[in-house]
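Structure first, then comments.
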Amino acid sequence: VSSIFDPRSDEELLVATAGGEADAFAIFYERHIALVLAVMARRTRSYELAADLAGETFAAALLGCRRFRPGGPPAVAWLLGIAQNKLRESARRQRVVDDARQRLAIPMLGLDDEDLLRVEELVSDHGRALALLDDLPPAQREAVQARVLEDAEYDELAARMSCSEQVARQHVSRGLRRLRTQLQEDR
Amino acid sequence: MTDYIADLQHALRDAAAREYAAQTSSPEPAEHVIAENAQTTRRRRPLASGYASRRKGGRRAARRFAPVLTLAAVFAAAVVVLTGGSSPSILSGAYAATGTDGVIVHYVETLHFQNSTGTSQGALHDVWASGQQRHVIVTTTDPKRTEEVAFNGTTEENYLPDGTLATYRVAAGTLARGCGSVGILLGECGRGDQINPLIALRRLYRSGRLRAAGQAALDGRRVEVITGVSQGIRLRALVDPHTFVPVEIQLVQHFAPPAAEFPALKLTTTITDYQRLPLTPHNRQLLLMRPHPHARRLHLCVNGTGCAKSPTR
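In the order they appear, the protein sequences are chains A and B. Read left to right, the first sequence gives residues 9 to 195 (my numbering). Read left to right, the second sequence gives residues 198 to 510 (my numbering).
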């Protein structure tokens, strides 16, 4: 039975998934579905699109988990990078992409009123779903948010933060490192 | 969890199982699987009028979203507060007030184990924690004994009632599964083991399972009530309405018997006397234990690298 209280780290869950443990991915999904929904809802301003894109993001994560390398950026940053790619690709094609779901033969699930209410509830508390980021110092939060959630280039990020590209990279790097530390503390 | 979120989880779990199985045969999903899944796709129920404006034109139109996304990108950096949801300030405030990064938190944790035969047992933990560091004084009621434990991220020290100081080296990040000697420091030693209520509160929050449940009175004091439920777990926290610092957190866990001859177990863990202390040099001493200088030392290892020898007890 999957549980958010599984003591394994996100990284360990992805490695276990790649090793064939299907439940490990279900736990990973359960831990981060609210975060991915919140990110998607912020970008699309639509709960339904957010739900579709979240499904595609996790499907792509499942397909890509063999390529995940523990020891780099935290798994949650890796996941948000996939989410960002899905958003960008969907915008380019002017439709919600579903390549990963098709490859995995995952059906497009319908949403009813109750589902939309649940999605709304999960994403409505911005602080809840993005709590990991909220814990970061302001500069690191801004840097990680811009780089990971908005896919900003470092030169753009540096201009926005009125600092050099090198400093912007440091903010992102330290922010991601701190995210991982916080996740470990909560294990 | 309503259908979509749970259905998606099940679909992903099934896909993960298929994907693993497929790697040993064919990389593409079998046709019968696609057909089977197509049949299980749920039909959409009619929408209530409250959502009509959000879903103009139905699903097909909704999935063409590039203009929406372009517009939304303008707002992406701003905090978008969508409507609905339950009292975010209380929940996010409680989440922030339970973090141990950059501060020392001190609390008293009372554990009460009760098995299905009616036998019960208790323990009291006096805990100081900061980041991954823990210092715990354990007092058990039956048998009555006191033990002191500290963990600094890589090494766990146990100062035992017989005057022994046992030092366990633990490979980074493995203590949660290795358990050290008594497995109390991180509050969980593996699946099905006890969970620290503070960690439970934070995980429930992050997975969207925490709810604000109104107000209550405790010793004549008004408090906000927060509840959360997960598999085998029920949490009820009372927090200060202004600072959101926990006044009391109670976590009830039910453990299934590991085998037919063993009883089921219910563990109730209650946190009280919660304090947040600044991480000053003086307060850092609270994270360390001070065993008697002549304590007999044992060096053990668990799950670890760099162990000098095998465990000796």
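No residue lacks a Cβ here, since even glycine has one placed at the ideal position from N, Cα and C.
CB contact check: residue i to chain A, cutoff 9 Å
{"i": "B/L362", "result": "no"}
{"i": "B/H207", "result": "yes"}
{"i": "B/G411", "result": "no"}
{"i": "B/A214", "result": "yes"}
{"i": "B/Q472", "result": "no"}
{"i": "B/L401", "result": "yes"}
{"i": "B/Q428", "result": "yes"}
{"i": "B/R431", "result": "no"}
{"i": "B/S313", "result": "no"}
{"i": "B/Y217", "result": "yes"}
Sequence-distant residues of the same chain with beta carbon closer than 6 Å to residue i, five excluded per side
{"i": "B/E354", "result": "A347, T364"}
{"i": "A/L117", "result": "none"}
{"i": "B/P475", "result": "none"}
{"i": "A/G79", "result": "none"}
{"i": "A/A85", "result": "V156, L184"}
{"i": "A/F66", "result": "Y37"}
Alpha-carbon to alpha-carbon, residue j and residue i
{"i": "B/L511", "j": "B/R431", "result": "Because residue 511 of chain B is not part of the residues shown, which for chain B are 198 to 510, the question remains open."}
{"i": "A/S181", "j": "A/R149", "result": "11 Å"}
{"i": "A/L157", "j": "A/V47", "result": "7 Å"}
{"i": "A/L61", "j": "B/T336", "result": "50 Å"}
{"i": "A/P82", "j": "B/D416", "result": "43 Å"}
{"i": "B/T314", "j": "B/T338", "result": "19 Å"}
{"i": "B/N480", "j": "B/I301", "result": "8 Å"}
{"i": "A/Q178", "j": "B/L308", "result": "43 Å"}
{"i": "B/A414", "j": "B/A326", "result": "28 Å"}
{"i": "A/D142", "j": "B/R494", "result": "43 Å"}
{"i": "B/D298", "j": "B/Q391", "result": "22 Å"}
{"i": "A/G28", "j": "B/G425", "result": "31 Å"}
{"i": "B/E345", "j": "B/Y356", "result": "5 Å"}
{"i": "A/I90", "j": "A/I35", "result": "18 Å"}
Three-way DSSP call (helix, strand, coil) for residue i in this model
{"i": "B/E306", "result": "strand"}
{"i": "A/E97", "result": "helix"}
{"i": "B/N393", "result": "coil"}
{"i": "A/E129", "result": "helix"}
{"i": "A/P81", "result": "coil"}
{"i": "B/V300", "result": "strand"}
{"i": "B/P475", "result": "strand"}
{"i": "A/H179", "result": "helix"}
{"i": "A/L144", "result": "coil"}
{"i": "B/P264", "result": "Any answer about B/P264 is weak, because its pLDDT of 45 lies below 50 and its placement is not dependable; what the coordinates show is given next. In this structure, B/P264 counts as helix in the three-state DSSP scheme."}
{"i": "B/H322", "result": "strand"}
{"i": "A/D163", "result": "helix"}
{"i": "B/A492", "result": "coil"}
{"i": "A/V105", "result": "coil"}
{"i": "B/S289", "result": "helix"}
{"i": "B/L464", "result": "strand"}
{"i": "B/D470", "result": "strand"}
{"i": "B/H439", "result": "coil"}
{"i": "B/T314", "result": "coil"}
Minimum Cβ-Cβ distance from residue i to chain B less than 9 Å
{"i": "A/Y37", "result": "yes"}
{"i": "A/L184", "result": "no"}
{"i": "A/L141", "result": "no"}
{"i": "A/F76", "result": "no"}
{"i": "A/A42", "result": "yes"}
{"i": "A/E161", "result": "no"}
{"i": "A/S172", "result": "no"}
{"i": "A/E164", "result": "no"}
{"i": "A/I90", "result": "no"}
{"i": "A/L70", "result": "yes"}
Residue i: first and last residue of the uninterrupted beta strand (DSSP E) it sits in
{"i": "B/L449", "result": "Per the sequence shown, the amino acid found at residue 449 of chain B is Val instead of Leu. Taken as a continuous stretch (DSSP letters only), the beta strand (DSSP E) holding B/V449 covers 443-452."}
{"i": "B/F348", "result": "341-348"}
{"i": "B/R419", "result": "418-427"}
{"i": "B/A413", "result": "407-415"}
{"i": "B/E353", "result": "352-356"}
{"i": "A/V23", "result": "Per DSSP, A/V23 belongs to no beta strand (DSSP E); it is in the alpha helix (DSSP H), 18-26."}
Same chain only: Cβ atoms within 8 Å of residue i, ignoring 5 sequence neighbours per side
{"i": "B/F452", "result": "G389, G429, A461, L462, K463, L464"}
Contact set for residue i: own chain, Cβ-Cβ below 7 Å, skip 5 residues either direction
{"i": "A/R186", "result": "L144, Q148"}
{"i": "B/G290", "result": "F441"}
{"i": "B/S427", "result": "L401, R406"}
Contact list for residue i against chain D, beta-carbon separation under 8 Å
{"i": "B/I392", "result": "Absent from the structure is chain D; the protein chains it does hold are A and B."}
Element boundaries [alpha helix (DSSP H), containing residue i]
{"i": "A/I35", "result": "30-52"}
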